[in-house]
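Below is one structure, written out as structure tokens, with a few remarks after it.
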Amino acid sequence: MKAVLVILILLIPTVSSASDKPTRVDMAGILKMWGKEKPDAEIPGVSLFITGKAAEKLYKELKVEPLRNECFDDGTLTKYLGRFECSYSEKYQYSCSIGIGLSDQKLYYAESC
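Read left to right, the sequence shown gives residues -18 to -1, 1 to 95 (mature numbering (1 follows the signal peptide of the UniProt record, and there is no 0)).
And the structure:
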């Protein structure tokens, strides 16, 4: 598989409480583009990975209970919102990811175990 790695910087508004004004957070991560290998042989797409303070803020804003991530044996906790996921681990801190199929416009997990 030939993957193209691109550093991606996004500025997006974050979720705020009703009394707060929306804020913007610098987001840095890696954008992986795949050909016909992921998520299956027919769908080209991209995987978006967010790390650092932006991932921490997203993780804390997701109002779902974290689950132990079975892909890791280090106690990583992951919050899932559809195919979007944010994780926290002692070793890697915070990270979020999602995969997007370009031809079918569906959301996928960015990676598998």
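Think of the CB as a built atom: it goes at the ideal place given N, C-alpha and C, for glycine as much as any other residue.
Only a predicted model underlies this, so the values are computations on that prediction, with no experimental measurement involved.
- Asp56 has no beta-bridge partner at all, per DSSP.
- Leu84 carries a coil assignment under DSSP once its states are collapsed to helix, strand and coil.
- In the DSSP assignment, Gly27 falls within the beta strand (DSSP E) that extends over Gly27 to Thr33.
- Distances from the CA of Phe31 to each of Glu67, Cys78 and Ser69 were compared; the closest alpha carbon is that of Cys78.
- Residue pairing by DSSP places Leu63 opposite Phe66 in a beta bridge.
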